[in-house]
Each structure stands twice: as structure tokens, then as C-alpha cells.
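The numbering used here runs 5 ahead of the 1-based position in the sequence shown.
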Amino acid sequence: MLETQLPKMKTVVLNVNDSEYQVDIQPYELLADILRDRIGLTGTKRGCDYGGCGCCSVIVDGEARYACMTPVMRVVGKKVRTIEGLEKDGKLHPVQQGFIDHFGFQCGYCTPGMIMASVALLERNVRPTDDDIREALGGVLCRCTGYMKIIESVQAASEVMSNGSKARGPAPPP
6 MLETQLPKMK
16 TVVLNVNDSE
26 YQVDIQPYEL
36 LADILRDRIG
46 LTGTKRGCDY
56 GGCGCCSVIV
66 DGEARYACMT
76 PVMRVVGKKV
86 RTIEGLEKDG
96 KLHPVQQGFI
106 DHFGFQCGYC
116 TPGMIMASVA
126 LLERNVRPTD
136 DDIREALGGV
146 LCRCTGYMKI
156 IESVQAASEV
166 MSNGSKARGP
176 APPP
């Protein structure tokens, strides 16, 4: 009789949002599952589970990555940032504030992925063109918006991050 055995659990230390988590994992487990189900960081959304929507985007060592497609073993020894790790000392990240001020979301499901992809872009290019923004966000699908408010949100964050100026929200209705 042939017996199949699951690989043994392995204890690893993950650096997520500048905190260390000791987690027992199977070698085949995916980062999205570990973040949500073991660490309790549910801001990383699972939309499709096959890399087609980008809702699960996180930042790994400065690069946006789909958590649903990333084996957790590939992030051991690296720095992972999730949407929960952007706020510092009670102050939202400029991209988060930009999305609020410029209505860059509707249902909100894709918003964590959009924000994380935007942060990764602005950390490597604080003055992106509209085409740069579109390219960086091309892997994150939004089913609700026409993307214009999202692009405006990233542009506003770019202004804040590049010169420290206070971003202005849209004009009030007449």
C-alpha cells in the first residue's frame, strides 16, 4: 500500500510590517493564506487566487507582488509590507490619504492592492507620468471605477511625497 505523506511543517520567521512572526508552514503554502489566516492581516484581499486581479498585492523588498501567487518560503528573510503597515503613528500614508481625498475607491475590494502597487511605484519613482501610473497599476483590476479617480489619487500622493506639500482634495460641489 502506497502511503502519501504531506511534507513536514517547518517553522519560519517572517518579517511583516517591521514585526517578526514565527509561523509553522507547509512548503507549498502561499503568502496570502499565511498573512490572512495565520497572522490575521486581512487587508490583503483574495480576489481570484490565480494572479488575475491583483487585489492581494503586497510589497516584498520594495517590489509589488501578488501574495496569492507567492510561495511563503520565497519571502523568508525578506521584508513584507501589507496595507496594515502603511499607517505610521496614527497618520495615513500619502497614497492612502490620496485615495480618500480624491475618491479613488468605490466598493473598496481592490483598494489595498491598488494602494500597495501605488506605494511601490512612488517609492521607486516619486514623479511618475500618467503612463507610469497606468503601467504600475495594470495588474490590479477594479470592477467599479473608470480608473481616473485612482490615477488622480496617485498623482496627489506623488505631489505630497515629492515636495511635502499638502494635497488638496477635489473642489466642493457647487
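The C-beta atom is built at its ideal place from N, Cα and C for all residues, glycine as well.
When you compare only the Cα positions, how much space is there between residue i and residue j?
i	j	result
M74	G109	26 angstroms
V131	V63	19 angstroms
M121	M153	17 angstroms
S123	L19	23 angstroms
Sort the options by Cα distance to residue i and report the nearest one.
i	options	result
P117	K15, K50, N168	K50
I88	T9, D54, M78, G45	G45
P32	V17, D42, R41	V17
P12	I30, P76, L40, G48	I30
Y55	A37, G48, E68	A37
Taking the alpha helix (DSSP H) that residue i falls in, what are its first and last residues?
i	result
D136	135 to 142
E219	The requested residue 219 is not part of the displayed model; the chain covers only 6 to 179.
D54	D54 -> no alpha helix (DSSP H), and no H or E assigned at all.
For the beta strand (DSSP E) holding residue i, just list the boundary residues, first then last.
i	result
E25	24 to 30
L19	15 to 21
Keeping to the same chain, check which residues put their C-beta closer than 7 angstroms to that of residue i; ignore five residues upstream and five downstream.
i	result
S163	L127, V131, R132, P133
L146	C58, G59, C115
To which residues does DSSP link residue i through a beta bridge?
i	result
S62	Y71
R86	I64
P76	L35
Ordered along the chain, which non-local residues of its own chain (more than five positions away) have a Cβ less than 6 angstroms from that of residue i?
i	result
K83	V65, D66
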